[in-house]
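Novice: Okay, here's the structure, questions in a sec.
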Amino acid sequence: TQLLEQSPQFLSIQEGENLTVYCNSSSVFSSLQWYRQEPGEGPVLLVTVVTGGEVKKLKRLTFQFGDARKDSSLHITAAQPGDTGLYLCAGEFRSGAGSYQLTFGKGTKLSVIP
Amino acid sequence: GAVVSQHPSRVICKSGTSVKIECRSLDFQATTMFWYRQFPKQSLMLMATSNEGSKATYEQGVEKDKFLINHASLTLSTLTVTSAHPEDSSFYICSAGIMAGTPYNEQFFGPGTRLTVL
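Residue numbers (our numbering), protein chains in the order written: chain A, 14 to 127; chain B, 48 to 165.
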């Protein structure tokens with residue numbers, strides 16, 4: 014079983030502050046994806062990281078994949094109320110005969126207070 | 048980007064009835080579709096993986112006779128919750144995968160279906 018530990022589970026910060034969400038595993042993933050989910054909706058893909066040590070930026074969001082491809086982080090600079098939501102990391106791994114799956118972390122519920 | 052729809056978005060049914068949820072990839076063909084279940088304040092749990100034209104692969108602990116999955120085409124998969132009970136109430140989300148091979152495969156998620164069993 015592939016497990017992803019995501020932390021923190023809850024985060025409430027003031028507008029303008031920075032924050033980091035962590036995703037850790039003892040397993041190696043072929044890729045790692047970050048999603049954002051609004052209440053009552055499906056997850057929306059933010060980014061996919063594939064290469065160990067890879068860093069991707071999406072406006073104020075910076076995503077990093079660990080060198081060993083076992084961990085990842087999401088850093089948000091100068092958080093805005095519009096960043097409020099549930100952030101999920103998901104690791105892709107190959108299972109069985111060539112099939113693949115995503116295993117999800119438990120999510121980080123972020124609240125940005127104006 | 049790739050769009051996945053789900054229907055219905057919400058359904059309320061009586062205990063003992065069956066409910067069918069449709070998942071469609073609108074602008075691409077998905078070789079693989081996935082069905083997830085999400086309880087309040089929890090993450091997504093994979094229920095089954097569905098490949099077009101073949102039987103679905105169910106995760107451990109998921110009853111295949113209760114959660115019937117049909118993947119008749121590259122753009123449509125259905126999940127039927129048979130003889131639903133209140134404990135089946137949950138948020139069901141499907142995703143459609145583009146199996147591009149290397150270096151990774153992406154899944155695009157539907158908006159989810161809120162099932163409430165009375």
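We put the CB at the ideal spot given by N, CA and C, even for glycine.
Please tell me whether residue 78/B and residue 144/B are closer than 8 Å, where the distance is taken between their beta carbons.
Specialist: What you label residue 78/B is simply residue 31 of the second sequence in a count that begins at 1. What you label residue 144/B is simply residue 97 of the second sequence in a count that begins at 1. For residue 78/B and residue 144/B, yes; Cβs fall inside 8 Å.
Novice: Please compile the residues from chain A whose C-beta is within a distance smaller than 9 Å of the C-beta of residue 93/B.
Specialist: As a position in the second sequence, residue 93/B is number 46, starting the count at 1. In chain order: 114, 115, 116 and 117.
Novice: Indicate whether at least one CB of chain B lies closer than 8 Å to the CB of residue 105/A.
Specialist: For the purposes of this step, residue 105/A is identified with residue 92 of the first sequence, where counting begins at 1. Yes - at least one Cβ of chain B is within 8 Å of the one on residue 105/A.
Novice: Give a yes or no on whether the minimum CB-CB distance between residue 100/B and chain A is below 8 Å.
Specialist: Translated into positions along the second sequence, residue 100/B becomes position 53. Not one chain A Cβ lies under 8 Å of residue 100/B.
Novice: Please report the straight-line C-alpha distance between residue 135/B and residue 116/A, rounded to a whole angstrom.
Specialist: Translated into positions along the second sequence, residue 135/B becomes position 88. Translated into positions along the first sequence, residue 116/A becomes position 103. If I take the Cα positions, the gap works out to 21 Å.
Novice: Ignoring anything shorter than 3 residues or poking outside the stretch 61-125 of chain B, list the beta strand (DSSP E) runs there in chain order.
Specialist: 66-72, 79-85, 91-98 and 114-120
Novice: With H, G and I counted as helix, E and B as strand and the rest as coil, what does DSSP make of residue 105/A?
Specialist: Against the first sequence, residue 105/A aligns to sequence position 92. Strand at residue 105/A.
Novice: By Cβ distance, which residues of its chain are closer than 6 Å to residue 138/B, with the 5 residues on each side in sequence left out?
Specialist: Residue 138/B sits at position 91 when you count from the first residue of the second sequence. Excluding residues within five positions, the ones whose Cβ falls inside 6 Å are 85, 159 and 161.
Novice: Provide the residue(s) that pair with residue 92/A in DSSP beta bridges, ordered along the chain.
Specialist: Residue numbering aside, residue 92/A sits at position 79 when the first sequence is read from its first letter. None; residue 92/A has no bridge partner.
Novice: Could you say which of 79/A, 85/A, 57/A and 52/A lies nearest to residue 122/A if we only look at CA atoms?
Specialist: What you label residue 122/A is simply residue 109 of the first sequence in a count that begins at 1. Selected option, being the one with the closest Cα: 52/A.
Novice: Among 28/A, 59/A, 76/A and 91/A, which residue has its Cα nearest to the Cα of residue 66/A?
Specialist: The residue you call residue 66/A lines up with position 53 of the first sequence. With distances taken between Cα atoms, residue 66/A lies closest to 76/A.
Novice: I want to check one thing, is the minimum distance from the CB of residue 25/A to the heavy atoms of the ligand SAH below 7 Å?
Specialist: Questions concerning the ligand SAH fall outside what the structure shown contains, since it holds no ligand whatsoever.
Novice: With distances taken between CB atoms, is the gap from residue 28/A to residue 89/A smaller than 8 Å?
Specialist: Counted from its first residue, the first sequence places residue 28/A at position 15. Counted from its first residue, the first sequence places residue 89/A at position 76. For residue 28/A and residue 89/A, no; Cβs fall outside 8 Å.
Novice: Which chain A residues sit within Cβ distance under 7 Å of residue 90/B?
Specialist: Your numbering for residue 90/B matches position 43 in the second sequence. Per Cβ cutoff of 7 Å: 101, 117, 118, 119 and 120.
Novice: When you compare the CB positions of residue 73/B and residue 83/B, do they come within less than 8 Å of one another, or not?
Specialist: Residue 73/B sits at position 26 when you count from the first residue of the second sequence. Residue 83/B sits at position 36 when you count from the first residue of the second sequence. Taking 8 Å as the cut-off, the beta carbon of residue 73/B is found no closer than this to the beta carbon of residue 83/B.
Novice: Going by alpha carbons, who is nearest to residue 64/A out of 102/A, 79/A and 57/A?
Specialist: Counted from its first residue, the first sequence places residue 64/A at position 51. Nearest of 102/A, 79/A and 57/A to residue 64/A, Cα basis: 79/A.
Novice: With a cut-off of 8 Å on the beta carbons, I'd call residue 49/A and residue 113/A a contact; round off their distance for me.
Specialist: Working through the first sequence from its first residue, we reach residue 49/A at position 36. Working through the first sequence from its first residue, we reach residue 113/A at position 100. Taking 8 Å as the upper bound for CB-CB distance, residue 49/A and residue 113/A are not in contact here, some 22 Å apart.
Novice: Quick one: Cα of residue 154/B to Cα of residue 93/B, how far?
Specialist: The count along the second sequence starts at 1 and reaches residue 154/B at position 107. The count along the second sequence starts at 1 and reaches residue 93/B at position 46. Rounded to the nearest angstrom, the two C-alpha atoms are 13 Å apart.
Novice: Kindly list, in the order they appear in chain B, the residues whose Cβ is closer than 7 Å to that of residue 54/A.
Specialist: Here residue 54/A refers to the residue found at position 41 of the first sequence. Ordered by position in chain B, the residues that pass the 7 Å Cβ test against residue 54/A are 158 and 159.
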